[in-house]
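Residue numbers (my numbering): 1229 to 1587. Glycine included, every Cβ here is placed at the ideal spot set by N, Cα and C. Treat the numbers as computed from the prediction; the structure is a model and nothing was measured.
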């Protein structure tokens, strides 16, 4: 009886005080270095021993000391850098990064920067100079800026990029690439197979890669079906509701309006749906409308929008996980090669906003 009583007495004593990593090691019957590896999610410790360490940490209510890690020179924060007007996109990205930060033992620093500002590079440089930053997760347009990437490389700062493309643009660091072209092709191909021949495309006025790739997929699908690409059906504009409504109003006022609209994102598509309703054009009976990204706009509109599902939360979590692997590899904390390049293809989701073309 002495053994179990002694063990229970130890746990109660540790719980009265703030448990340390050495307390966890003592209760788990291992070294504090092993506990440190487990707490930092290194994969050099076996599953059974890791489980024993986590059980001891839970029993003692042990909380890793982030301040202590910083004092030892270990950076504890992953920074999310963004400039995107779409709040749904930003929140989903934040959730994915935060989820993985918790899993990997890091804290999240959220830092919006105006990409078009003359101080953007200076602001980013000031941020990476912080000793608390272990790495950055970059989304467009920062992830596509050669100047900013060169800055991070010169500072030897770890970063993970989320970009548009069918493959990673290079091997400079962890990269999650999203095949917007393939997804846009699938949407356009679906509309064509529904009998539509006059399909308008509402894209972006900017030449950012995601817009370019989606237009490329739209154009390729038309070409593969022998449909000419009419310039009057391709209208550039902003990535927002009002721009979608304005451009749709122009299209529906034409002598020969389109029977389908493919919008570069769901917010544009929601604006197109609104304009169609104002002009008393029935959707989808007279006009099919498809969006992109599967944001709340696609599910909250009526009818619900056909779109391409893009799991921003999963994409962000994957980028963060790859980033942490690269950070640990750079510190020689693990010898395995990090999986740096991961691809996603948004999947077609068919809903009530599209149907067969009117005869």
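Three-way DSSP call (helix, strand, coil) for residue i in this model
i            : result
residue 1468 : coil
residue 1324 : helix
residue 1253 : helix
residue 1586 : coil
residue 1435 : coil
residue 1418 : helix
residue 1248 : coil
residue 1535 : strand
residue 1376 : helix
residue 1480 : helix
residue 1352 : helix
residue 1317 : helix
residue 1457 : coil
residue 1400 : coil
residue 1299 : The predicted model places residue 1299 with a pLDDT of 39, which falls under 50 and marks its position as unreliable, so this point remains unresolved.
residue 1562 : Confidence is the limiting factor: at residue 1562 the pLDDT is only 47, short of 50, which leaves the residue's position unreliable, though a coordinate-based value still follows. DSSP places residue 1562 in coil when its eight states are reduced to three.
residue 1294 : Since pLDDT at residue 1294 reaches only 48, below the 50 mark, its modelled position is unreliable, and no value is offered.
Beta-ladder partner(s) of residue i, from DSSP
i            : result
residue 1387 : 1364
residue 1571 : 1405
residue 1490 : 1429, 1518
residue 1335 : 1305
residue 1392 : 1406
residue 1340 : 1310
residue 1463 : 1430
residue 1576 : 1536
C-alpha distance - residue i paired with residue j, whole-angstrom precision
i            : j            : result
residue 1521 : residue 1249 : 44 Å
residue 1428 : residue 1360 : 48 Å
residue 1487 : residue 1355 : 49 Å
residue 1540 : residue 1321 : 6 Å
residue 1279 : residue 1257 : 12 Å
residue 1568 : residue 1547 : 9 Å
residue 1308 : residue 1407 : 22 Å
residue 1294 : residue 1263 : Its pLDDT being 48, under 50, residue 1294 is placed unreliably in this model, and the coordinates cannot settle the point.
residue 1586 : residue 1542 : 38 Å
residue 1334 : residue 1442 : 35 Å
residue 1484 : residue 1426 : 9 Å
residue 1516 : residue 1383 : 50 Å
residue 1526 : residue 1440 : 22 Å
residue 1277 : residue 1378 : 42 Å
residue 1564 : residue 1558 : With a pLDDT of 46 at residue 1564, under the threshold of 50, the modelled position of that residue is not reliable, and the figure given next carries that caveat. Their Cα atoms are separated by approximately 11 Å.
residue 1424 : residue 1492 : 18 Å
residue 1570 : residue 1327 : 18 Å
residue 1254 : residue 1550 : 32 Å
residue 1513 : residue 1330 : 47 Å
residue 1405 : residue 1556 : 22 Å
residue 1584 : residue 1421 : 8 Å
residue 1348 : residue 1448 : 36 Å
residue 1638 : residue 1474 : Here the chain covers residues 1229 to 1587 and nothing more, so residue 1638 does not appear.
residue 1385 : residue 1353 : 10 Å
residue 1458 : residue 1314 : 29 Å
residue 1482 : residue 1436 : 29 Å
residue 1533 : residue 1505 : 14 Å
residue 1194 : residue 1538 : Nothing about residue 1194 can be reported from this structure: the residues present for the chain run from 1229 to 1587 only.
residue 1545 : residue 1310 : 15 Å
residue 1304 : residue 1336 : 9 Å
residue 1274 : residue 1312 : 42 Å
residue 1394 : residue 1357 : 33 Å
Beta-carbon spacing of residue i, residue j below 7 Å
i            : j            : result
residue 1582 : residue 1518 : yes
residue 1574 : residue 1411 : yes
residue 1283 : residue 1252 : no
residue 1391 : residue 1371 : yes
residue 1332 : residue 1511 : no
residue 1480 : residue 1462 : no
residue 1341 : residue 1351 : yes
residue 1414 : residue 1576 : yes
residue 1368 : residue 1554 : no
residue 1580 : residue 1531 : yes
residue 1319 : residue 1365 : no
residue 1500 : residue 1465 : no
residue 1535 : residue 1503 : no
residue 1247 : residue 1290 : yes
residue 1399 : residue 1446 : no
residue 1419 : residue 1472 : no
residue 1498 : residue 1529 : yes
residue 1376 : residue 1387 : no
residue 1306 : residue 1363 : yes
Interface flag, residue i vs chain C, CB-CB below 7 Å
i            : result
residue 1402 : Among the chains in the structure shown there is no chain C, since it carries only a single protein chain.
Cβ-heavy atom distance, residue i to the ligand ADP, below 6 Å
i            : result
residue 1513 : The ligand ADP is not part of this structure, which contains no ligands at all.
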